[in-house]
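So the protein lines, in turn, are chains A and B.
Counting in the UniProt record's numbering, the first sequence runs from 1 upward without gaps.
Counting in the UniProt record's numbering, the second sequence runs from 1 upward without gaps.
Using N, Cα and C, we set each Cβ at its ideal position, and we do this for glycine too.
Number of protein chains: 2
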Amino acid sequence: MGDEAQRLAEIVGEHHLLTGEDVSEDYAGDESLVGEPVTPKYVVKPATAAEVAAVLAVATEHRIPVTARGSGSGLSAAARPHPDGILVSFERMNAILEIDTTNHVAVVQPGVTLSELDSQTAASGLGYTVYPGEMSASIGGNVGTNAGGMRAVKYGVTRNNVLGLQAVLPTGEVIRTGGKTVKTSTGYDLTQLVIGSEGTLALATEITVRLHPRLTHGATVLAPFGDLDQVMTAVPAIVSSGLAPHVLEYIDALTMAAITYTAQLSLGIPDEVRDATQAYLVVGLESREADRLDGDVETLGELLGELGATDVYVLEGGSARKLIEAREKAFWTAKTAGADDVIDVVVPRAAMPEFLRRAREVAAGTESGVVGCGHAGDGNVHLAIFQKDPAKRASLLHDIFAMAMELGGAISGEHGIGRAKKEHFLELEDPAKIELMKRVKAAFDPAGILNPGVLFD
Amino acid sequence: MGDEAQRLAEIVGEHHLLTGEDVSEDYAGDESLVGEPVTPKYVVKPATAAEVAAVLAVATEHRIPVTARGSGSGLSAAARPHPDGILVSFERMNAILEIDTTNHVAVVQPGVTLSELDSQTAASGLGYTVYPGEMSASIGGNVGTNAGGMRAVKYGVTRNNVLGLQAVLPTGEVIRTGGKTVKTSTGYDLTQLVIGSEGTLALATEITVRLHPRLTHGATVLAPFGDLDQVMTAVPAIVSSGLAPHVLEYIDALTMAAITYTAQLSLGIPDEVRDATQAYLVVGLESREADRLDGDVETLGELLGELGATDVYVLEGGSARKLIEAREKAFWTAKTAGADDVIDVVVPRAAMPEFLRRAREVAAGTESGVVGCGHAGDGNVHLAIFQKDPAKRASLLHDIFAMAMELGGAISGEHGIGRAKKEHFLELEDPAKIELMKRVKAAFDPAGILNPGVLFD
Ligand SMILES: Cc1cc2nc3c(=O)[nH]c(=O)nc-3n(C[C@H](O)[C@H](O)[C@H](O)COP(=O)(O)OP(=O)(O)OC[C@H]3O[C@@H](n4cnc5c(N)ncnc54)[C@H](O)[C@@H]3O)c2cc1C
Ligand SMILES: Cc1cc2nc3c(=O)[nH]c(=O)nc-3n(C[C@H](O)[C@H](O)[C@H](O)COP(=O)(O)OP(=O)(O)OC[C@H]3O[C@@H](n4cnc5c(N)ncnc54)[C@H](O)[C@@H]3O)c2cc1C
Numbered sequence: 001m002g003d004e005a006q007r008l009a010e011i012v013g014e015h016h017l018l019t020g021e022d023v024s025e026d027y028a029g030d031e032s033l034v035g036e037p038v039t040p041k042y043v044v045k046p047a048t049a050a051e052v053a054a055v056l057a058v059a060t061e062h063r064i065p066v067t068a069r070g071s072g073s074g075l076s077a078a079a080r081p082h083p084d085g086i087l088v089s090f091e092r093m094n095a096i097l098e099i100d101t102t103n104h105v106a107v108v109q110p111g112v113t114l115s116e117l118d119s120q121t122a123a124s125g126l127g128y129t130v131y132p133g134e135m136s137a138s139i140g141g142n143v144g145t146n147a148g149g150m151r152a153v154k155y156g157v158t159r160n161n162v163l164g165l166q167a168v169l170p171t172g173e174v175i176r177t178g179g180k181t182v183k184t185s186t187g188y189d190l191t192q193l194v195i196g197s198e199g200t201l202a203l204a205t206e207i208t209v210r211l212h213p214r215l216t217h218g219a220t221v222l223a224p225f226g227d228l229d230q231v232m233t234a235v236p237a238i239v240s241s242g243l244a245p246h247v248l249e250y251i252d253a254l255t256m257a258a259i260t261y262t263a264q265l266s267l268g269i270p271d272e273v274r275d276a277t278q279a280y281l282v283v284g285l286e287s288r289e290a291d292r293l294d295g296d297v298e299t300l301g302e303l304l305g306e307l308g309a310t311d312v313y314v315l316e317g318g319s320a321r322k323l324i325e326a327r328e329k330a331f332w333t334a335k336t337a338g339a340d341d342v343i344d345v346v347v348p349r350a351a352m353p354e355f356l357r358r359a360r361e362v363a364a365g366t367e368s369g370v371v372g373c374g375h376a377g378d379g380n381v382h383l384a385i386f387q388k389d390p391a392k393r394a395s396l397l398h399d400i401f402a403m404a405m406e407l408g409g410a411i412s413g414e415h416g417i418g419r420a421k422k423e424h425f426l427e428l429e430d431p432a433k434i435e436l437m438k439r440v441k442a443a444f445d446p447a448g449i450l451n452p453g454v455l456f457d
Numbered sequence: 001m002g003d004e005a006q007r008l009a010e011i012v013g014e015h016h017l018l019t020g021e022d023v024s025e026d027y028a029g030d031e032s033l034v035g036e037p038v039t040p041k042y043v044v045k046p047a048t049a050a051e052v053a054a055v056l057a058v059a060t061e062h063r064i065p066v067t068a069r070g071s072g073s074g075l076s077a078a079a080r081p082h083p084d085g086i087l088v089s090f091e092r093m094n095a096i097l098e099i100d101t102t103n104h105v106a107v108v109q110p111g112v113t114l115s116e117l118d119s120q121t122a123a124s125g126l127g128y129t130v131y132p133g134e135m136s137a138s139i140g141g142n143v144g145t146n147a148g149g150m151r152a153v154k155y156g157v158t159r160n161n162v163l164g165l166q167a168v169l170p171t172g173e174v175i176r177t178g179g180k181t182v183k184t185s186t187g188y189d190l191t192q193l194v195i196g197s198e199g200t201l202a203l204a205t206e207i208t209v210r211l212h213p214r215l216t217h218g219a220t221v222l223a224p225f226g227d228l229d230q231v232m233t234a235v236p237a238i239v240s241s242g243l244a245p246h247v248l249e250y251i252d253a254l255t256m257a258a259i260t261y262t263a264q265l266s267l268g269i270p271d272e273v274r275d276a277t278q279a280y281l282v283v284g285l286e287s288r289e290a291d292r293l294d295g296d297v298e299t300l301g302e303l304l305g306e307l308g309a310t311d312v313y314v315l316e317g318g319s320a321r322k323l324i325e326a327r328e329k330a331f332w333t334a335k336t337a338g339a340d341d342v343i344d345v346v347v348p349r350a351a352m353p354e355f356l357r358r359a360r361e362v363a364a365g366t367e368s369g370v371v372g373c374g375h376a377g378d379g380n381v382h383l384a385i386f387q388k389d390p391a392k393r394a395s396l397l398h399d400i401f402a403m404a405m406e407l408g409g410a411i412s413g414e415h416g417i418g419r420a421k422k423e424h425f426l427e428l429e430d431p432a433k434i435e436l437m438k439r440v441k442a443a444f445d446p447a448g449i450l451n452p453g454v455l456f457d
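The following block contains the structure:
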């Protein structure tokens, strides 16, 4: 073992350092469809913030690239390591440190998964409301990507649900930002800066998340529309209605066919309705009280009718759950179907009709397939891209991203830039902002060891 | 006129540059009770982002300190200018550029006041929900301080309600961050970084804020408690109840006496109840529907009883409004009463009883008076400090701030650090964080022209 390896082994313990053959393929990347997996030189599995700090100190000293990894479920290749680098896997830092039912927060280590936190909070009647489809994702990964998911339309994204961090700076200091308080005006908000920074500024070693009461009564409503444009126009009206849906998804007809087929799920929609449908809205409502829920479902049904839905189905528990699960797995379905990329452009809600219309035009022009679904309530459109030719695909993506930005949107709503969309980000984003972000990066990481190649070159 | 003055006059026009005698006292500071007003060398009143950028370019070239000013209603002396500096007053940039009822946002210039935005949005049934007591405050100032106010318990603070900025960097570039989208994961969140930075990183020249539907049915409930501790213990329970109050304030008996006296407001509370009261809770509820509101008020009444309220009064419209207004003016009442400082410590909600108990002990030990009220739902305690001796006062504040931090809180929940609390901030905050913040500051402002003396020395 070299000097580096020796020191890393001393820090985390020999058993928790992997090198060479021992590094399994699992560590070579995330779920992004773009690019190839890369095996890191070292995998370390620290158990404490102090160990993380010591690893980063060695890395800074030897100028070794460091990539943080939660569960590797990210979709932008941001957890794909550097071949000469260290992958810091948080799998051993997976303890829920506290569920504080008075302040409505949980304090967790970064390796805690969403499903673990969900099941451990259930008894308290509270829950962490960030629900990206993949429940194996870690809270640390959520912080890295500023994850969103289906419930963001009501509860916000990770940024709105993380109150504080313990974080290790690449220079080796361990700091605490924010905490159990719901607000502060005490210097710059470092918590917010680290959230969404894709492991390039600091590594989170402890995370204080908000918990929300779990409302006991829920309903899922499915509404087919004859016209994609109408679906998109309906969305802002539902958001404005005051019904406060906790799920507001659109699924285009092809995607619905694919995901229900994969899930072996029959929704009981008559053939003639299904055949005339271009897209569906799935709306989730919840309430503290059963009658209020009933009233809201009725109001929603009427509203959907006015907005042009061909029909309205209130799904019963089993098929509602299955449909939501099938929607969560849409990424896998797209992958199986041979999608070449999956992107998650975000635009102002009201710009969705125009965005989708133009995206489909551009795609048609390059003979590419573009189908999708998305967190419509957030203006967040998930498109599966079918175009084998890399040059054509790059040009298509460039045009789609540029158009989203022109409409006041951004390249990614929740998956992040990572390595997968970096080229487009650097090309399309205002150079003054890129330069400013690089200076902020240098303020945190003067040696440039944290996730080089992600966000910037 | 010197060369500097000449150039500034060319940029904003001679009429919009003030110097010497023409600089009125109004520009010499904000509403902080700490320290003395300072007349700036220049006041400029730009009309556009380009003018702001040109002013900053001159300032960078000549190394002239620049302080942004909204309405000067801040409470931390963060808008107090430098004697050799330029005060950039946003009074002419006061246009509401757009009220977008489909995306639920407004796009405004920074000098727009809260009352102006409130009245202009009323017809749309939407509103900007940041309500610091002072409705003359500007949206730019809200961004500067990350203002909170009474409705933050339900709608969050400025940080949660600003989606995008146009901002001028001290190096002269004009950038746009965020926009009408509700989320992004596209590089570092510069919007969030500028919010709460007290004019030290960049100047906001356009602000995109969220609007929320105005709920038509509202009620205000007043509950006296025999014991301050009980009030504080009641708060987390009300937050947990799912009733989602949009106001959840505590007012101690002395403050209630003072503000109702000043407002000439009689709440119809029998003498014997009033005499036995240590503190009050004021709870605001709102709903889309009248019956739901009635149901919620009933549930709240029962809950308050269980939590130890001696009585529960549902205030009728007129006195409800007057009580809220009187509470908003608590600062003026404290000032009139001769308060030497007003602070706004924030702690985790559940730590409020202990915080207040210990704060009063510490105060008693130094023969200081400490009375207050606060945004209890946020754990945000506003204390008026009565202690004429500067050394004793400094030591008292130091102890109170240190104790808040020990309890997991922060020095300021919403007023900011500014110049007024800087000494304590720099003494009590982790030096590694201060150093990191300074490096972030340098990333934005290499010449150090923006609000020197605020936050850092
Ligand atoms: C089927 C499927 C559905 C999905 N649906 C959604 C969705 O609806 N919404 C959504 O937002 N995402 C979705 N995702 C993407 C993914 O689940 C999220 O991005 C998630 O937040 C990643 O968590 P992870 O633990 O797997 O992170 P990883 O992939 O391991 O890492 C993600 C990023 O975070 C960084 N990171 C990891 N840990 C830390 C740490 N402790 N400190 C600092 N940085 C760290 C990494 O370096 C990397 O940059 C989906 C993915 C799949 C496979
Ligand atoms: C009676 C009273 C009650 C109050 N109640 C509350 C309350 O409940 N909650 C609360 O949070 N505050 C409260 N405040 C404080 C104050 O109203 C808020 O801090 C408000 O946000 C200040 O706005 P302003 O326009 O007056 O800002 P100013 O005082 O002019 O400036 C405040 C800060 O913002 C910076 N700034 C101004 N404009 C810009 C810009 N365009 N770009 C960048 N930075 C800028 C300034 O440099 C300064 O650092 C109260 C004040 C009073 C007098």
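Need the endpoints of the beta strand (DSSP E) that residue i sits in, please.
i        : result
A/GLN192 : Premise fails: A/GLN192 lies in the alpha helix (DSSP H), 190 to 194, not in any beta strand (DSSP E).
A/GLU414 : A/GLU414 -> no beta strand (DSSP E), and no H or E assigned at all.
A/ASP100 : 96 to 100
Identify the continuous alpha helix (DSSP H) that holds residue i and give its terminal residues.
i        : result
B/ILE434 : 431 to 444
A/ASP399 : 390 to 406
Please find out if some non-hydrogen atom of ligand 1 comes closer than 7 Å to the beta-carbon of residue i.
i        : result
A/ARG92  : no
A/ASP30  : yes
A/GLU116 : no
A/GLY329 : Per the sequence shown, the amino acid found at residue 329 of chain A is Lys instead of Gly. Under cutoff, so the answer is yes.
A/LEU169 : no
B/GLU61  : no
Is residue i a contact residue of ligand 2, with contact defined as CB to any heavy atom under 7 Å?
i        : result
A/PRO40  : no
B/HIS82  : no
B/THR67  : yes
B/ASN103 : no
B/SER412 : no
B/ASN161 : no
Thinking C-alpha only, which one of the options is nearest residue i?
i        : options                                : result
B/ILE207 : B/THR181, B/ILE269, B/PRO37, B/PRO270  : B/THR181
A/ARG274 : A/GLY377, A/THR262, A/LEU222, A/ARG292 : A/LEU222
A/ARG245 : A/PRO83, A/GLU435, A/ALA376            : With the sequence shown as reference, residue 245 of chain A is identified as Pro, and Arg is not the correct amino acid for it. Checked all of A/PRO83, A/GLU435, A/ALA376; the closest Cα to A/PRO245 is A/ALA376.
B/ILE434 : A/ALA432, A/ALA443, A/VAL231, A/GLU427 : A/ALA443
B/ASP22  : B/LEU8, B/VAL38, B/GLY13, B/TYR42      : B/TYR42
B/VAL153 : B/GLU249, B/VAL162, B/THR171, B/ARG176 : B/GLU249
List the residues that DSSP assigns as beta-bridge partners of residue i.
i        : result
B/ASP203 : Looking at the sequence provided, one finds Leu at residue 203 of chain B rather than Asp. Paired residues: B/VAL168.
A/ARG176 : A/GLN166
B/LEU450 : B/VAL66
B/PRO224 : B/TYR280
A/ALA384 : A/VAL342, A/VAL371
A/ALA263 : In the DSSP output, where bridge partners are listed per residue, A/ALA263 has none listed.
B/ALA78  : Answer by DSSP bridge pairing: none, since B/ALA78 is not bridged.
A/ILE86  : A/TYR42, A/VAL66
B/TYR131 : B/GLY149
B/GLY218 : B/GLU286
* Taking Cβ-Cβ distances below 9 Å as the criterion, which residues of the stretch 104 to 117 of chain B are in contact with chain A? -> HIS104, VAL105
* Please list the residues of the stretch 398 to 428 of chain A that have a C-beta atom closer than 8 Å to any C-beta atom in chain B, keeping them in chain order. => GLY408, GLY409, ALA410, ILE411, SER412, GLY413, GLU414, HIS415, GLY416, ILE417, PHE425
* **Members of the stretch 170 to 187 of chain A that neighbour chain B once the beta carbon cut-off is set at 9 Å** => Contact residues of the stretch 170 to 187 of chain A toward chain B are THR171, GLU173, VAL174, ILE175, ARG176, THR177, GLY178, GLY179, LYS180, THR181, VAL182, LYS183, THR184, SER185, THR186, GLY187 (C-beta to C-beta distance below 9 Å).
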